[in-house]
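**Student:**
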Amino acid sequence: MGVVDTVILFAYLALLVGIGLYAQRRKPDVEDYFVAGRRMGPVTIACMWVAAWIGGAAIVGTSARVYGQGITGIWYVLGMAIGCCLFGLTVARRVKELGDSERHLTYPDFIEKHYDNRTRAVAMITTVLAYTAYSAGQFAAAAAILQVLIDWSYGQSLLLAGAIVTLYTAAGGYLAVTYTDRVQVTLVLVGIVAIGIPVAISQAGSWADMQAVLPATHYDFGAQGWDKVAALVVSMVLSFFVAMDSFSRSFAARDTGTARRGALLAPLLMLPIAVAVAWLGLAAAVLYPDPDASASILATFVLDRFPVGLKGLMVIGILSAVMSVAAISVLTASANYARDIHQRYLRPDLPASAMLRIGTLASLGAGGLGLLLAWKMRDIIDILQFGFTLNSAGLFLPTIAALWTNRVPASAAFWSTTASLITVIAWRIAADAGAGGVFAIDPLWPGLAVSALLLLVLSVRAR
């Protein structure tokens, strides 16, 4: 990139660090650090939803899939919009109500209150591993973008992206994330939607022009197979109901109505981003017909085709999406360690001031582990889908039961969750080993089936 665009990029990165340090100066208490003081309004909550889900997979991964497979690649983002909407319509109010009454800070807090310590441990382990992997995926996506745009090595780019996110998250906690989320969602909408689509039209033509050039399969929503679409969308939708950040976001709202309105407003912001990302992927397919192009096709498109100044704004729009998800992933893993491991098992009498220090150190540790894992991350969407499956297959039904009834015994929740997780992992291992046959089915379905069967049978036997 040229000097102007490079200055824009590094000014944005410096702004993120500055926001984190500003949030730290507010001297937050434990609730400020982990749930933003439970006082956020609906627009901020909506921005937090968008910023937490529209990340590297949604922008970089989806554009790459649309580039290679066509419009069917948009289901990843559409699944997010559907899941967020359903969460808002069904359980957002209830989650906020229960969170305030019990002063929950994390999802495992909620699980233990309604079941037992064993089930909490399963939820805790799943959440820590899943969110560390999510942060790694976002770091890898950010590094891939920076590697192309500023001509640094992958290692240097990865270190820069990871260090920036980890620093401002560790410094300011959830307050820093709420401040940066509002900035970053605005930058995503400006960069990806307001700038991206007009430039794509000027370079590759209108929607009709692209449709005349590209094969018909590029405009088939089910081109990847409706079974794969269903598995992806269902696993993502269910993940909204068991993701710790969904609970944290509801806890952070100032009241139950705000929790619901924020969750329902977010899909309205996600949909134009979905359209813009699909448009950019199709435009790239017109301009770069090489089928072997890498997942960095979006960065290549921006570098080659966007004018000076707009190029820098587009870059920070992409990085905003990536880094916002990385930040919430780091903070979620941090909260799980500080609250659900350190305070729960190592120092039950930990004072609030020490809890803040542990949270800061845990954020640094989670970011560092995410950086290490990013060396191994490849297909971002496939990896994240497996993470969604691990989370949702075992925990969805016990979570829904806990929200609305006290009739499910703790033993049923524990064994259904544990058996489901084992089933998903074993199924995936068998499929990767080439077992074929029934193992060609996505592991979500057998995982859900095992969870439902055990939850029902053990609940009936306990009566």
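If you want this note's numbering, it's the position in the sequence shown, counting the first as 1, plus 17.
Idealized CB from N, CA, C, for every residue including glycine.
No experiment lies behind these values; they were computed from the predicted model shown.
Please state if the CB of Thr183 and the CB of Ala383 are separated by a distance shorter than 9 Å.
**Tutor:** yes
**Student:** Just the Cα atoms here: how many angstroms apart are Arg199 and Val60?
**Tutor:** 9 Å
**Student:** Starting from Ser428, trace the alpha helix (DSSP H) both ways and give me its first and last residue.
**Tutor:** 427 to 449
**Student:** Taking all protein chains shown into account, decide if Thr440 is buried (16 or more other Cβ within 10 angstroms of its Cβ) or exposed.
**Tutor:** buried
**Student:** Would a C-beta distance cut-off of 9 Å place Gly404 and Ala147 closer than the cut-off?
**Tutor:** yes
**Student:** Count the C-beta pairs between the region 115 to 130 and the region 277 to 288 that are closer than 8 Å, then say yes if the count reaches three, no if not.
**Tutor:** no
**Student:** Is Leu177 closer than 9 Å to Leu30 when the C-beta atoms are compared?
**Tutor:** yes
**Student:** Between Ser337, Leu472, Val205, which has its C-alpha nearest Ala429's C-alpha?
**Tutor:** Leu472
**Student:** Can you list, in chain order, the stretches of the alpha helix (DSSP H) that have 4 or more residues and sit fully within the region 321 to 367?
**Tutor:** 327 to 352
**Student:** Given this structure, state the Cα-to-Cα distance separating Leu38 from Thr197, to the nearest angstrom.
**Tutor:** 12 Å
**Student:** DSSP three-state call for Ala276: helix, strand or coil?
**Tutor:** helix
**Student:** Which residue wins for smallest C-alpha separation from Arg55, given the options Gly222, Ser468, Thr107, Val112?
**Tutor:** Val112
**Student:** By the DSSP assignment, the alpha helix (DSSP H) with Met253 in it spans what residues?
**Tutor:** 243 to 257
**Student:** If we require 4 or more residues per run, which alpha helix (DSSP H) segments fall completely within the region 88 to 135?
**Tutor:** Listed in chain order, they are 92 to 107, 109 to 119, 124 to 131.
**Student:** Express the C-alpha separation of Ser351 and Val145 in angstroms, rounding to a whole number.
**Tutor:** 8 Å
**Student:** So is Gly411 buried or exposed if we call it buried at 16+ other beta carbons inside 10 Å?
**Tutor:** buried
**Student:** Report the rounded CA-to-CA distance for Arg266 versus Ala229, giving the unit in angstroms.
**Tutor:** 44 Å
**Student:** To the nearest angstrom, report how far apart Gly96 and Arg356 are at their CA atoms.
**Tutor:** 30 Å
**Student:** Which residues mark the beginning and the end of the alpha helix (DSSP H) in which Pro59 is found?
**Tutor:** 59 to 70
**Student:** Where do the N-terminal and C-terminal ends of the alpha helix (DSSP H) with Ser80 fall, by residue?
**Tutor:** For Ser80, the enclosing alpha helix (DSSP H) starts and ends at 79 to 86.
**Student:** Along the chain, where does the alpha helix (DSSP H) that runs through Ala466 open and close?
**Tutor:** 461 to 479
**Student:** CB-CB under 6 Å to Ser437, same chain, minus the five flanking residues each way: which ones, in chain order?
**Tutor:** Ala410, Gly411, Gly464, Val467, Ser468
**Student:** With DSSP as the reference, label Ala452 as helix, strand or coil.
**Tutor:** When DSSP states are grouped into helix, strand and coil, Ala452 belongs to the coil group.
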